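Visitor: Have a look at the structure that comes next, please.
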Amino acid sequence: MKNIPIGEVLKEYGYITEAQLQKALEYQRENRGKRLGSILIELGFITEKQMLEALAQRLGQKQVDLTQYQVNVEAVEKIPRQLAVKYNILAIGIEGRVLTVATNDPLNFYGLEDIRQLTGMELQVLLSELAPLTRAMDYYYSEVGARAAAKNANQSSQSEVEELALEVEEGDGDAPIIKLLNSLLDRGYNTNASDIHIEPFEDKTLVRMRIDGTIVDYVTLQRSLHPSLIARIKIMSNLDIAEKRIPQDGHFRIRLEGENVNVRVSVIPTVFGEKAVLRLLSSNSVIAHADQYGMDIKTYRRFQEMLRSPNGIIYLTGPTGSGKTTTLYMILEHLAKRQVNISTIEDPVEKNLARVNQMQVNNTAGLTFDSGLRALLRQDPDIIMVGETRDAETAAISVRAAITGHLVFSTLHTNNAVSSIVRLVDMGLEPYLIANSLVGVVAQRLVRRLCPHCCAEEETSEEERRMLGLDIKTVHRAKGCPRCNNTGYSGRLAIHEIVTVDKEIRKMITSRATMEEITEYAVRTQEMKSLKELAEDLLIQGVTTVEELVKVAFYS
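In this note's numbering, the protein residues as written are 4 to 559.
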């Protein structure tokens, strides 16, 4: 079995020709150390999937889809991470004295023998492609690492706990608290958490993570660890560790899984100690936008027309956490490919963009949105992004910038696209200025997507049909499984309501038409679909749930 000629196997099953095999063998002789299977894939003669299919047939082994397999974390712990990465072997199940492992290379007999000797167990080998195998290793070893760090920290004696603060001050990388925090950050990154909450209570500290918009309990720590953990966070964020009476904000950068991740930190005093929230600002977005920002073809074309405007202002609107900044960054990355000068004023800068000049608000130094925007206008910009229009002064400067030949992007907190126009009027802007500067408004929401591994189709109740105003007999419901952290959801989709300011809407704004009149016109002439209608479509398609539709309907 150890001398299985992979080339002959692939040729036998019709995946490669004799000529291709000889060419690959010649390449291997010139590049010693490379495995033949990898060379055949590299030369484009076969795919990884084809190679695994051939090996599965020849070896009598099964393939496994790790996105659907319920991995046993106890099994994962049997193989040290360093060894698992070295051999691309992940333990995924355990039954008696048999350890089930997944690998992309079942011919790596030396690696499999090492694992067998280390664990003292018999191995059942399943085959997996490399990409899902690597993702699963990152995901499950971050889980193992974080829980082990929490367990070790929790088992510290009282005298050891008293020494932790000193270790934190000295930056001892082996200190339990430092390992614990690093493990929590690593786990947050691998689960696509947007925020990590560290909450003190009378007898414990609770660590929770916001994943796909929902808070999930993660681990409980002994109460005595809390001061040292907060101190470590403050040191990394360059905050005053002695000040515990007032809120403090800071940030730091850390490298996780090969990516630089910015972490925004907020610390506030509570009755049981200081609570910290760590926001992970990663370029690894979890919002499904694709090439069309998640829009249907018609909406996307209208949006593209807006982006082609040489000047004017475009607003993105929605509540906090609706993905406005992510969409803005995607727009700026697209526009930066042109020969233009792009500048931003943000609070905070969440992602560094190539060919974009980004400035961060610093209220302590007097750098606010309005003062920063005034400065940007002296920088010869073509395109300006204002992170948020918070007051009338910022709105007025943005509008004037748009009228004087700049393309401006900004955000507002309103419930839908048309209400943004009314909001600008309420801020004190003259209707004729709004009419002459506004290109369009995009209202955005994030809708949680059902986990495909555990969702179930069920009948709707009469109350649901009445409440929704929809005559649908069945919907898909969230259930929960290990793959989705028992939430029932996996990822989020962006939905968009767009109104383009055309000649008629300009007249309506100038004449102070009502929100209802502008909405009726946009629906009739622009075929504008409301956020509620878009969420209804996703419900009918089985993509999301009644609960998500109700959220969208409530906020719009």
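Virtual Cβ for every residue (Gly too), placed ideally from N, Cα, C.
Small disclaimer: the values here were computed from a predicted structure and weren't measured.
1) Can you look up residue 190 in the DSSP assignment and give me helix, strand or coil?
2) Do you know how far the Cα of residue 303 is from the Cα of residue 421?
3) Can you name, in chain order, every residue of its own chain whose Cβ lies under 7 Å from the Cβ of residue 196, other than the five neighbours on each side?
4) Between the Cα of residue 116 and the Cα atoms of 26, 82, 394, which residue gives the shortest distance?
5) To which residues of the same chain is residue 326 closer than 7 Å at the C-beta, ignoring the five residues directly before and after it?
6) Would residue 384 be called buried (16 or more neighbouring beta carbons within 10 Å of its own) or exposed?
7) On the DSSP letters alone, give me the boundaries of the alpha helix (DSSP H) that residue 521 sits inside.
8) Tell whether a beta-carbon distance below 9 Å holds between residue 9 and residue 46.
9) Counting pairs of beta carbons, one from the stretch 473-489 and one from the stretch 505-512, are three or more of them closer than 8 Å?
10) Here's a check: name, in chain order, each residue in its chain whose Cβ is nearer than 6 Å to the Cβ of residue 395, leaving out the five neighbours to either side.
11) Within 10 Å of its beta-carbon, does residue 107 have 16 or more other beta-carbons around it, so buried, or fewer, so exposed?
12) Along the chain, where does the alpha helix (DSSP H) containing residue 334 start, and where does it finish?
13) Can you check which of these residues, 351, 380, 359, 360, is closest to residue 366 by C-alpha distance?
14) For residue 51 and residue 183, which I take to be in contact (beta-carbon distance under 8 Å), what is that distance rounded to the nearest angstrom?
15) For residue 491, decide whether its Cβ has a neighbour in chain D, counting only Cβ atoms nearer than 9 Å.
16) Quick one: is residue 278 buried, meaning 16 or more other Cβ sit within 10 Å of its Cβ, or exposed?
17) I need the boundaries of the beta strand (DSSP E) containing residue 83, first residue and last residue.
18) Check each candidate in 193, 478, 59, 228 and name the one with the smallest Cα separation from residue 494.
19) Please classify residue 105 as buried or exposed, where buried requires at least 16 other C-beta atoms within 10 Å of its C-beta.
20) In chain order, what residues of the same chain lie with their CB nearer than 7 Å to the CB of residue 356, ignoring the 5 residues before and after it?
21) Counting along the chain, where does the alpha helix (DSSP H) carrying residue 534 start and finish?
22) Measure the beta-carbon distance from residue 415 to residue 320 and round it to whole angstroms, keeping in mind my assumption that it falls under 8 Å.
23) Which residue wins for smallest C-alpha separation from residue 28, given the options 18, 42, 19, 17?
24) Grab me the residues of residue 409's own chain with a C-beta within less than 8 Å of its C-beta, minus the 5 sequence neighbours each way, in chain order.
25) What is the rounded straight-line gap between the Cα of residue 477 and the Cα of residue 100?
26) Among 74, 533, 97, 62, which residue has its Cα nearest to the Cα of residue 556?
27) Hey, residue 541 and residue 551: beta-carbon distance below 9 Å or not?
28) At what residues does the beta strand (DSSP E) containing residue 360 begin and finish?
29) Note the first and the last residue of the continuous beta strand (DSSP E) segment covering residue 114.
30) Here's a check: name, in chain order, each residue in its chain whose Cβ is nearer than 7 Å to the Cβ of residue 191, leaving out the five neighbours to either side.
31) Is residue 131 closer than 9 Å to residue 67 when the C-beta atoms are compared?
32) Since residue 281 and residue 264 should fall inside the 8 Å C-beta cutoff, what is the C-beta to C-beta distance between them, to a whole number of angstroms?
33) Does DSSP put residue 430 in a helix, in a strand, or in coil?
34) Looking only at DSSP bridge pairs, what is residue 560 linked to?
35) If you pair each beta-carbon of the stretch 514-531 with each one of the stretch 459-467, do three or more pairs fall below 8 Å?
36) Under 6 Å Cβ to Cβ from residue 270, same chain only, skipping five residues before and after it: list those, please.
Guide: Taking the structure as given:
1) On the sequence shown, position 187 is the one that residue 190 refers to. Note: residue 190 maps to helix in three-state DSSP.
2) Position 418 of the sequence shown holds residue 421. Position 300 of the sequence shown holds residue 303. Between residue 421 and residue 303, the alpha-carbon positions lie close to 18 Å from each other.
3) The sequence position of residue 196 within the sequence shown is 193, counting from 1. The beta carbon of residue 196 sits closer than 7 Å to the beta carbons of 212, 213, 214, 283 from its chain, once the five residues preceding and following it are set aside; these are given in chain order.
4) The residue you call residue 116 lines up with position 113 of the sequence shown. Checking every option, the nearest Cα to that of residue 116 belongs to 82.
5) For the purposes of this step, residue 326 is taken as residue 323 along the sequence shown, with counting starting at 1. Within the same chain, residue 326 has close Cβ partners 290, 447, 449, 497.
6) Working through the sequence shown from its first residue, we reach residue 384 at position 381. It is buried - the Cβ of residue 384 has at least 16 other Cβ atoms within 10 Å.
7) Here residue 521 is taken as the residue at index 518 of the sequence shown, counted from 1. It spans 518-529 - the alpha helix (DSSP H) in which residue 521 sits, taken as one unbroken run.
8) The residue you call residue 9 lines up with position 6 of the sequence shown. The residue you call residue 46 lines up with position 43 of the sequence shown. Residue 9 places its beta carbon 9 Å or farther from that of residue 46.
9) Contact fails between the stretch 473-489 and the stretch 505-512, because fewer than three Cβ pairs, one in each stretch, are under 8 Å apart.
10) The sequence position of residue 395 within the sequence shown is 392, counting from 1. For residue 395, where only same-chain residues beyond five positions count, the Cβ hits under 6 Å are 430, 431.
11) Translated into the one-based positions of the sequence shown, residue 107 becomes position 104. Under this definition residue 107 is a buried residue.
12) For the purposes of this step, residue 334 is taken as the residue at position 331 of the sequence shown. Looking at the DSSP string, the run of the alpha helix (DSSP H) that includes residue 334 is 327-338.
13) The count along the sequence shown starts at 1 and reaches residue 366 at position 363. Of the listed residues, the one whose Cα sits closest to residue 366 is 351.
14) Mapped onto the sequence shown, residue 51 falls at position 48. Mapped onto the sequence shown, residue 183 falls at position 180. Actually they do not touch by this definition, with Cβ atoms about 37 Å apart.
15) Given the protein chain composition of this structure (a single chain), no chain D is represented.
16) Start at 1 with the first residue of the sequence shown, and residue 278 comes out as number 275. It counts as buried.
17) Residue 83 sits at position 80 when you count from the first residue of the sequence shown. From DSSP, residue 83 is part of no beta strand (DSSP E); its letter is neither H nor E.
18) On the sequence shown, residue 494 is found 491 positions in, with the first residue counted as 1. Minimum Cα distance to residue 494 is reached at 193.
19) Position 102 of the sequence shown, counting from 1, holds the residue named residue 105. It is buried - the Cβ of residue 105 has at least 16 other Cβ atoms within 10 Å.
20) If you number the sequence shown from 1, residue 356 lands on position 353. Excluding the 5 residues flanking it on each side, residue 356 has same chain C-beta neighbours closer than 7 Å at 332, 335, 336, 339, in chain order.
21) Mapped onto the sequence shown, residue 534 falls at position 531. Residue 534 -> alpha helix (DSSP H) spans 534-543.
22) Position 412 of the sequence shown, counted from the start, is the residue given in the question as residue 415. Position 317 of the sequence shown, counted from the start, is the residue given in the question as residue 320. About 5 Å; that satisfies the 8 Å criterion.
23) Position 25 of the sequence shown holds residue 28. Residue 42 is the option with its Cα nearest to residue 28.
24) Taking the first residue of the sequence shown as position 1, residue 409 is located at position 406. In chain order, 314, 380, 384, 385, 386, 387 place their CB closer than 8 Å to the CB of residue 409, counting only its own chain and leaving out the 5 sequence neighbours on each side.
25) Translated into the one-based positions of the sequence shown, residue 477 becomes position 474. Translated into the one-based positions of the sequence shown, residue 100 becomes position 97. Cα-Cα distance, rounded: 45 Å.
26) Translated into the one-based positions of the sequence shown, residue 556 becomes position 553. Ranking the options by Cα distance to residue 556, first place goes to 533.
27) Translated into positions along the sequence shown, residue 541 becomes position 538. Translated into positions along the sequence shown, residue 551 becomes position 548. The Cβ-Cβ distance between residue 541 and residue 551 falls below 9 Å.
28) One-based indexing of the sequence shown puts residue 360 at position 357. In the DSSP assignment, residue 360 falls within the beta strand (DSSP E) that extends over 359-363.
29) Walking along the sequence shown from the start, residue 114 turns up at place 111. That residue, residue 114, is in no beta strand (DSSP E); its alpha helix (DSSP H) goes 112-122.
30) Reading the sequence shown from its first residue, position 188 is the one you call residue 191. Non-local beta-carbon contacts of residue 191 in its own chain, meaning distances under 7 Å to residues more than five positions away in sequence, involve 199, 212, 283 in chain order.
31) Here residue 67 refers to the residue found at position 64 of the sequence shown. Here residue 131 refers to the residue found at position 128 of the sequence shown. Cβ distance < 9 Å, so residue 67 and residue 131 count as in contact.
32) Here residue 281 is taken as the residue at index 278 of the sequence shown, counted from 1. Here residue 264 is taken as the residue at index 261 of the sequence shown, counted from 1. For residue 281 against residue 264, the beta-carbon gap comes to about 10 Å, at or over 8 Å, which does not count as contact.
33) Numbered from its first residue, the sequence shown carries residue 430 at position 427. Coil at residue 430, not helix or strand.
34) The structure shown does not extend to residue 560, since the chain is modelled only from 4 to 559, so the question has no answer here.
35) These segments do not touch.
36) In the sequence shown, the residue the question calls residue 270 occupies position 267. Hits under 6 Å: 251, 277, 279.
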